[in-house]
Structures are given as structure tokens and as C-alpha cells.
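Each residue of the sequence shown is one higher than the one before, counting from 1 in UniProt numbering. Glycine is no exception: its CB is placed at the ideal position from the N, C-alpha and C atoms. Encoded as C-alpha cells, the structure appears first; notes follow it.
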Amino acid sequence: MKKVASVLSTLISFAQLPHLLAIAFVVLTISSFKIPPARINKGVVTGHKKTNTIVANEDLETIRKRIIDDLLAPEVNVDEIKKLVSTIQPDGSWPGINYKDTTKTGFEHRIHLENMLDLARAFRKTGSAFKNNADVKKTVSAALDFWIAHDFICENWWWNEMGTPNWMINTLLVMDPDLTDKQKTEGARIAGRASLTGVGARAGGDFVPIAGMVCKQGLFKKDEGILANALKVMADQIVLTPARGINPDMGFHHRVDNVTSIHTYGTNYVSAFSYWTVKTAGTKYTLPKEALKLLIDYYVDGISKCMAYGIYPDPGARNRDLSRKGEVAHAAGTEIAENLMLSSDYRKNDLEYLVKVRKGELKPDLTWDKYFWHSSYFAHQRKNYYASVRMHSSRQNNMEEPYNEEGLKMHHLADGGNFLLRTGKEYADVFPVWDWQKIPGTTVVQKPSLPPPNQIAKKGKSEFVGAASDGQFGATAFDFKSVHDPLKGRKSWFFFDQEYVCLGAGINSEAEYPVATTLNQCLLNKGVVVKSAAGTKTLERGQHDLKGVSWVMHDSVAYLFPTPVSVNLSNTTATGSWRDITHQASASTETVKKDLFTLWLNHGQKPASASYAYMVVPGITPTLANGYLAKSGVIILSNTPEIQAVQNKLLNVTQVVFYQPGTIKINGNVSLTVESPCIVLVKMGVNSIERMAVSDPTQKLKSLQLKVTLPIEVSGTNWRSGYNSQSRVSTIQIDLPTEGYAGQSAVLEFAARR
Numbered sequence: 001m002k003k004v005a006s007v008l009s010t011l012i013s014f015a016q017l018p019h020l021l022a023i024a025f026v027v028l029t030i031s032s033f034k035i036p037p038a039r040i041n042k043g044v045v046t047g048h049k050k051t052n053t054i055v056a057n058e059d060l061e062t063i064r065k066r067i068i069d070d071l072l073a074p075e076v077n078v079d080e081i082k083k084l085v086s087t088i089q090p091d092g093s094w095p096g097i098n099y100k101d102t103t104k105t106g107f108e109h110r111i112h113l114e115n116m117l118d119l120a121r122a123f124r125k126t127g128s129a130f131k132n133n134a135d136v137k138k139t140v141s142a143a144l145d146f147w148i149a150h151d152f153i154c155e156n157w158w159w160n161e162m163g164t165p166n167w168m169i170n171t172l173l174v175m176d177p178d179l180t181d182k183q184k185t186e187g188a189r190i191a192g193r194a195s196l197t198g199v200g201a202r203a204g205g206d207f208v209p210i211a212g213m214v215c216k217q218g219l220f221k222k223d224e225g226i227l228a229n230a231l232k233v234m235a236d237q238i239v240l241t242p243a244r245g246i247n248p249d250m251g252f253h254h255r256v257d258n259v260t261s262i263h264t265y266g267t268n269y270v271s272a273f274s275y276w277t278v279k280t281a282g283t284k285y286t287l288p289k290e291a292l293k294l295l296i297d298y299y300v301d302g303i304s305k306c307m308a309y310g311i312y313p314d315p316g317a318r319n320r321d322l323s324r325k326g327e328v329a330h331a332a333g334t335e336i337a338e339n340l341m342l343s344s345d346y347r348k349n350d351l352e353y354l355v356k357v358r359k360g361e362l363k364p365d366l367t368w369d370k371y372f373w374h375s376s377y378f379a380h381q382r383k384n385y386y387a388s389v390r391m392h393s394s395r396q397n398n399m400e401e402p403y404n405e406e407g408l409k410m411h412h413l414a415d416g417g418n419f420l421l422r423t424g425k426e427y428a429d430v431f432p433v434w435d436w437q438k439i440p441g442t443t444v445v446q447k448p449s450l451p452p453p454n455q456i457a458k459k460g461k462s463e464f465v466g467a468a469s470d471g472q473f474g475a476t477a478f479d480f481k482s483v484h485d486p487l488k489g490r491k492s493w494f495f496f497d498q499e500y501v502c503l504g505a506g507i508n509s510e511a512e513y514p515v516a517t518t519l520n521q522c523l524l525n526k527g528v529v530v531k532s533a534a535g536t537k538t539l540e541r542g543q544h545d546l547k548g549v550s551w552v553m554h555d556s557v558a559y560l561f562p563t564p565v566s567v568n569l570s571n572t573t574a575t576g577s578w579r580d581i582t583h584q585a586s587a588s589t590e591t592v593k594k595d596l597f598t599l600w601l602n603h604g605q606k607p608a609s610a611s612y613a614y615m616v617v618p619g620i621t622p623t624l625a626n627g628y629l630a631k632s633g634v635i636i637l638s639n640t641p642e643i644q645a646v647q648n649k650l651l652n653v654t655q656v657v658f659y660q661p662g663t664i665k666i667n668g669n670v671s672l673t674v675e676s677p678c679i680v681l682v683k684m685g686v687n688s689i690e691r692m693a694v695s696d697p698t699q700k701l702k703s704l705q706l707k708v709t710l711p712i713e714v715s716g717t718n719w720r721s722g723y724n725s726q727s728r729v730s731t732i733q734i735d736l737p738t739e740g741y742a743g744q745s746a747v748l749e750f751a752a753r754r
């Protein structure tokens with residue numbers, strides 16, 4: 001595949017998107033683009049003042065020139081252009097392209113479209129060896145006539161309404177002065193299938209790119225009305241919504257299944273908008289500041305926090321695109337952040353940080369903790385590692401559908417998928433050889449084979465799925481009920497600074513096959529060291545069934561067990577192919593071989609009330625692993641189906657998951673009681689509480705009452721407290737976030753109010 005303008009490459013990765021219902025958008029009169037601050041209103045954010053704005057033609061010409069200059073920016077491949085000119089057939093086609101296959105998994109016609117734009121660029125670009133070359137002009141003209149004559153339609157709507165129109169309008173813009181009347185008319189007709197009222201122009205990920213294509217149609221036709229209206233409705237999309245689009249938690253949903261789409265449609269969304277903010281800058285078409293601010297917040301606090309260090313995309317935040325080669329193998333680019341900086345000074349320091357760390361000019365140094373309550377996704381960043389948890393609930397599907405026969409083994413990714421990244425390369429292109437029933441962090445029935453792909457996506461079963469976070473530390477809880485197997489259990493993760501703890505309790509299965517909890521499955525990097533009752537040793541390559549294990553070390557990551565356990569470990573070569581996980585015609589059937597490290601706990605067949613507990617410590621040596629548990633100050637206070645709780649004495653942080661009302665002792669003098677299921681984080685000071693973070697994983701409660709055996713007689717904006725001197729108990733009444741913010745943590749700062 002040849003390189004094209006960056007905005008095109010962003011779009012082309014979405015070449016196999018689904019066919020859903022059309023959403024009709026009413027074309028409004030040209031307006032001033034001013035919008036009020038975004039607000040939530042049951043899925044729709046509205047508000048525009050209508051004015052009659054007449055945009056000067058010179059502004060349109062300015063934008064038109066910027067777009068064309070951008071299309072001409074890529075380098076011209078001389079050898080490739082010569083080949084295209086010499087191999088074009090008399091009818092305007094090229095050999096080697098399958099023009100008959102218009103299926104969702106095929107459509108090699110995209111190569112023809114790429115060829116046209118490459119030729120157009122070679123013909124028009126200043127400094128090109130083919131500038132105004134008659135043979136090149138003849139070739140691109142013949143190729144365009146061939147397409148117009150056949151007007152290829154793909155079974156995948158995306159090509160008809162996005163892919164083909166985008167390539168077509170770009171070629172038309174570049175070749176405009178040298179097009180025939182028929183080429184202009186028919187080319188514009190094909191490009192016009194990218195429409196604001198088309199099937200694909202639904203709220204969320206696809207609408208903004210489509211609006212951008214309509215803008216280009218207006219530029220090609222030099223129609224100010226088309227351009228102005230398309231920019232206006234594009235800006236209208238940049239709003240907060242609990243439905244399709246940017247969510248209040250800075251996540252992103254493309255469909256009504258409420259599955260996170262932040263790294264696919266959500267990134268395409270911000271890429272397209274940021275592109276147009278730069279192209280319209282300084283003209284009367286300039287996009288509204290409030291929409292741009294929200295977009296920057298979304299990029300910094302949403303997209304970039306689903307990346308390790310803001311650089312490497314987290315596999316846990318992906319969907320069927322994991323079956324596309326290279327999707328998580330490379331660092332994120334800087335173009336979007338740079339475009340946003342060019343468009344606004346808002347949060348410029350944050351954007352500059354992202355640009356510099358991605359270019360290697362700055363060492364990552366941020367620490368934070370974030371839960372996306374609309375997507376059941378949690379992320380934890382420290383200076384030397386990034387970890388995430390992917391879950392599902394009754395408020396969403398477990399996974400995206402395997403549209404266009406991609407992502408054929410994604411059944412269990414959200415069953416507690418817990419990815420750990422230190423270098424960002426741990427899972428690079430590992431997916432063809434993966435055991436998809438041993439996804440890191442998940443507890444899964446080890447079936448002989450996965451159910452068929454059409455059974456991947458199902459509605460979640462559990463209400464109690466969530467996290468409590470104060471922005472630095474956090475606890476995540478998953479009342480796990482498998483949507484595929486007769487399996488359930490209570491899983492939780494407790495994140496601190498140097499380590500995090502993973503607990504499981506009440507694991508029950510009625511399946512005939514064994515159940516496994518996988519600690520990790522990643523690329524093998526050098527040796528694996530194990531400490532057991534037999535001593536400490538480096539394992540030879542192979543399959544291992546180990547007894548009495550205290551810890552396992554791989555790739556500078558220690559997996560520690562509070563009490564010695566039996567583990568299964570594999571450090572050997574695995575095989576597979578890309579065609580195993582996607583049926584796209586471009587997917588290779590060649591055997592892929594990769595060395596993998598896999599570590600799991602075998603709960604056996606039909607486990608009843610099984611449990612597990614382990615600590616993960618990134619960036620450590622075998623020497624430090626010895627005795628780490630005792631020195632860390634980390635204590636598991638409870639691991640039952642009723643309460644899971646972990647305390648870090650060095651940080652004075654206690655995190656508790658209450659699956660039902662209950663009481664837990666934080667230390668010798670302090671007990672915490674709750675009257676409703678919830679998650680609580682407590683940061684202690686000297687004989688006092690400094691901070692609390694509280695959340696309702698069911699997202700149903702309006703308020704929550706806690707009792708603490710400490711004197712507390714202060715109140716905050718969303719909470720009140722009172723102390724009973726006779727019982728020596730303080731009662732804290734908390735007003736929880738509601739509506740689009742239900743599930744968000746309520747953070748109580750006590751120290752600042754004394």
C-alpha cells in the first residue's frame with residue numbers, strides 16, 4: 001500500500017465498518033457556528049443561535065488551496081508512477097487488481113483509487129519529475145474514466161459512502177483544471193455519496209469524517225453554502241452525550257451497544273475535526289472555540305489515557321481491530337495533537353507534553369488513575385508502567401460485533417482483560433498466535449474451541465461493575481457473570497504506586513471443562529525465573545506445571561503470591577495466522593511464529609467457591625522480589641464473595657469492594673461500615689481520614705451512607721457528616737453523581753475542611 005495524505009490513512013483504516021440505520025440530519029441555514037458550553041440532555045446536546053453569515057469567496061479559495069496543498073504533500077514515488085503509466089490497460093484498469101470481488105472482505109478496488117490519487121499528485125506537484133507530464137495526465141484520466149464507467153459498489157456500505165467518495169473527491173480537487181466536464185459531473189456524483197443524510201452519517205464516529213468529505217465537495221464545486229453548512233453540522237457533533245459520541249467520562253461510543261470505540265471511531269472523529277480546524281483557521285469558517293475545547297479535553301483526558309504513557313495504544317481498549325496487523329505495534333503519531341495546538345492555546349502544555357513524549361524528546365513522568373464509567377474500562381499510569389482493566393456490565397455489550405468478519409476470537413477480551421505495558425511492545429502483533437481463552441486478567445472456561453463469531457457480542461449480565469478512584473489510586477470491581485459459559489466469580493483489582501493486587505473469590509462453574517485465571521500472555525522476553533519450595537531457578541523453554549510457587553519473574557515483572565500456589569507456565573513458541581482471526585482478503589494465511597510467555601492458575605473442573613490472589617510488581621529484579629511482600633506494606637484484608645479489600649500501609653491507602661452491606665476494620669481503631677454495595681477508597685492521616693473516594697458500581701443509587709469509628713464533623717459540597725460521641729461513630733451522607741455521571745467517584749476531602 002502506498003502512502004497517502006495522513007488524513008486519508010486515518011480514514012482508510014476504517015474500510016470495513018458496519019451497516020447500521022440511517023440518521024437523517026436536517027440541513028440548517030448558514031449560521032455563525034457559535035455553540036454554548038456542552039451539556040447533557042438525555043443523549044442530545046443542543047443549542048445554536050441562527051444568524052445569516054455570508055462568507056467571502058476568498059476564504060473558500062484559501063481553504064481550497066490548503067486542502068490541495070495537503071493532498072500534494074506526500075513524496076512522489078518515481079518508480080511507482082512509471083510502473084502505473086506503463087501497466088495501465090487500454091480500458092483504464094490495472095492488472096493484478098481483482099475488480100470482480102466487491103464483497104465486504106475483498107474490494108481490492110481501493111488500489112485503483114490509490115493509484116489515481118498518486119498519479120494526480122505526480123502530475124500536479126511542484127518539483128515532481130512528472131509535473132504536467134502528458135502521459136501521466138492521460139493515465140489518470142483513463143483510470144478515472146474506467147471507474148466512472150463501472151461505478152463500483154461494495155457490499156460494505158463504508159466504501160460506497162466514505163472510502164470511495166473520499167478518494168474520488170481528493171482526486172477531483174487535485175486534477176480539477178484538467179478534468180473533462182463528464183469527469184467533473186460524474187466524479188462529483190460518486191463523491192456525493194458521502195452525504196449528511198446518508199446511511200453512514202450517524203451521530204458518533206462516522207458523521208464528522210463524512211461532513212469533512214462534504215466540505216471538500218463544497219470546495220470542489222466552489223459552493224459556499226455546502227461548505228458552510230457542512231462545517232456547522234460538523235461542529236454540532238462536538239458535544240457531550242451518554243449515547244453515541246463523546247461521553248461525560250471522556251470515553252467514546254460509536255454504537256448503541258455502549259462498547260468503547262475510543263481508539264477506532266473515536267480517534268477518527270477527533271482526527272477529522274482537528275484537520276478542519278487547521279484548514280479553516282483565520283477564515284470566516286473558523287470552527288467554534290467551545291467545540292474545540294471539548295475536543296481537546298477528549299483527546300487529552302480520553303484518547304491519550306487509553307495509551308501507555310500517552311504513546312502506545314492499550315490492547316484492552318481495542319475491539320475487532322486487534323485482528324489488523326500493526327494496530328498496537330507502533331507508537332501513536334503527533335499530527336492530531338499538533339493540529340489541536342495550531343488551532344488553540346487551550347491546554348497547550350498538555351498537548352506539547354504528548355507531542356514531546358511521542359517524539360522521544362521527553363521522558364514520560366505522569367502518574368494518574370482513571371475510570372471510564374460509561375465503558376467499564378479502567379486505566380492506571382505510573383512512571384514505569386501502565387495497566388488497564390476491561391469489563392462489561394448489564395449496561396452494555398461485552399464486545400463489538402465481528403463486523404466484516406474481523407476479530408473472530410474476541411469473545412473474552414472484556415472478561416476482566418488486564419493488560420500491563422512497560423515498553424509498549426509487550427503485545428505487538430501477538431494476536432495471530434494467542435490463546436484467546438487465556439487473555440491476561442480473565443477467568444475463562446477452557447473450552448475445546450470458541451463459540452462461532454456470530455456469538456461473540458452479547459449483553460452483559462451484571463449490574464455491579466465499576467471503580468472508585470481519587471485520580472491517583474483506584475480499586476476496580478467486576479461481579480463477573482460470563483455471557484458465554486456457566487461461570488461466575490467476583491474479581492477485583494487494587495492499584496497503588498509500585499504494584500497492584502488482583503483478587504478473585506466465589507468462582508463457580510457448571511461447565512465440564514477446567515477454568516483458568518490468566519495472569520499474563522505476552523511476547524516472551526528473555527528468561528523466566530521462578531521461586532518455589534525447591535528454590536529459585538531459571539526455567540528452560542517449554543510447558544511447566546509448577547507447585548508451591550512464591551513468585552514468577554518475566555521481563556522485569558514479578559507475579560507474587562501471598563501463599564505458595566500451583567501455577568501453569570508456558571515459555572515457548574506459538575503458531576497461528578492472521579487469517580485465523582480475520583477473514584479479510586488482505587489477511588495472510590502464512591504461518592506466524594512467536595515466542596510467548598503465558599502464566600495461569602488452573603481452578604480445575606466445576607470449581608466451587610474457588611479464589612485467587614496475586615500481586616503484580618513491574619520494574620523489579622529477582623533479588624528485590626525476595627521479601628517484597630513483607631516490605632511492601634501491602635496487606636489483603638479480605639478476599640471473600642462479600643468483601644474484597646487491600647491496604648497499602650506505606651501509602652496509608654485502603655481500598656474496599658463491598659458487594660453487599662458490611663463492615664471492615666481498617667486498622668486497630670478504625671472500622672468502616674456501609675449500608676449499600678459500593679467501592680470505597682480511604683486515605684488515612686494521623687488518627688484521621690484525609691480523603692475518600694466512593695462510587696456506586698450499579699449506577700443506580702442517588703446517595704450513600706457510611707459509618708466510621710472516628711470523629712468527623714465537617715461537610716463538603718456533596719457530603720455531610722455528624723459524630724455521635726456516645727457510640728463514637730461518625731455518619732457520612734454522600735450525594736452521588738447521577739445521570740450521565742452515575743458511576744463516577746465522589747471524592748471527599750476531609751483534611752482541607754478541618
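Span separating the alpha-carbon of residue i from that of residue j
i, j, result
"ALA24", "GLU590", "Per-residue confidence for ALA24 stands at a pLDDT of 33, beneath the threshold of 50, marking its modelled position as unreliable; no derived number is given."
"HIS254", "MET162", "16 Å"
"LYS131", "VAL85", "14 Å"
"ASN115", "HIS583", "25 Å"
"LEU546", "GLN437", "20 Å"
"LYS232", "TRP493", "44 Å"
"ASN166", "VAL214", "9 Å"
"VAL256", "ARG395", "10 Å"
"VAL686", "SER482", "43 Å"
"ALA194", "SER261", "22 Å"
"HIS603", "SER509", "10 Å"
"THR286", "ALA73", "23 Å"
Assigned exposure category for residue i - 16 Cβ within 10 Å defines buried
i, result
"GLN660", "exposed"
"PRO242", "buried"
"ASN571", "buried"
"GLN543", "exposed"
"LYS593", "exposed"
"ASN247", "buried"
"ASP345", "exposed"
"ASN156", "buried"
"LEU219", "buried"
"LEU362", "exposed"
"ALA317", "buried"
"ASP365", "exposed"
"ARG189", "exposed"
"GLY743", "buried"
"SER725", "exposed"
"SER78", "Ser is not the amino acid found at residue 78; the sequence shown has Val there. When all chains shown are included, VAL78 counts as exposed."
"ARG541", "exposed"
"ALA693", "buried"
"ASP223", "exposed"
"ARG728", "exposed"
Heavy atom of the ligand ADP within 7 Å of residue i beta-carbon
i, result
"ILE210", "Questions concerning the ligand ADP fall outside what the structure shown contains, since it holds no ligand whatsoever."
Supposed close pair residue i, residue j - CB separation, criterion 8 Å
i, j, result
"ASP555", "THR573", "Incorrect: roughly 17 Å between the Cβ atoms, too far for contact."
"LEU519", "TYR559", "5 Å"
"GLY266", "ALA203", "Between ALA203 and GLY266 the Cβ distance is about 13 Å, and since that is not below 8 Å, they are no contact."
"ASN648", "PHE419", "The pair is not a contact, with the Cβ atoms about 22 Å apart (cut-off 8 Å)."
"VAL389", "PRO697", "Not really, about 13 Å apart at Cβ, beyond 8 Å."
Short CB-CB distance (under 8 Å) between residue i and chain D
i, result
"GLY407", "No chain D appears in this structure, which consists of one protein chain only."
| field | Continuous beta strand (DSSP E) assignments of at least 3 residues falling wholly in the segment 516-604 | value | Those beta strand (DSSP E) runs which fall completely within the segment 516-604 and span 3+ residues are 528-532, 535-538, 542-554, 557-576.
| task | Would you list, in sequence order, the uninterrupted alpha helix (DSSP H) runs of no fewer than 4 residues that lie entirely inside the segment 618-656? | result | 622-625, 628-632
| message | Count Cβ pairs between the segment 145-157 and the segment 106-121 that sit closer than 8 Å; are there 3 or more? | response | yes
| task | Any chance you could list the beta strand (DSSP E) runs of at least 3 consecutive residues sitting entirely within the segment 319-403, in chain order? | result | 368-372, 377-382, 385-390
| query | For the segment 522-535 against the segment 452-470, are there 3 or more C-beta pairs whose distance is under 8 Å? | reply | no
| message | Closer than 8 Å is the cut-off here; do at least three beta carbon pairs connect the segment 307-327 with the segment 422-442? | response | yes
| task | Evaluate the contact criterion for the segment 175-184 versus the segment 123-141: three or more CB pairs, one atom per stretch, below 8 Å. | result | As far as the Cβ criterion goes, the segment 175-184 touches the segment 123-141, which means the pair count is three or higher.
| said: Can you confirm whether the segment 338-353 touches the segment 273-286 when touching is taken to mean that 3 or more C-beta pairs between the two stretches lie within less than 8 Å? | reply: yes
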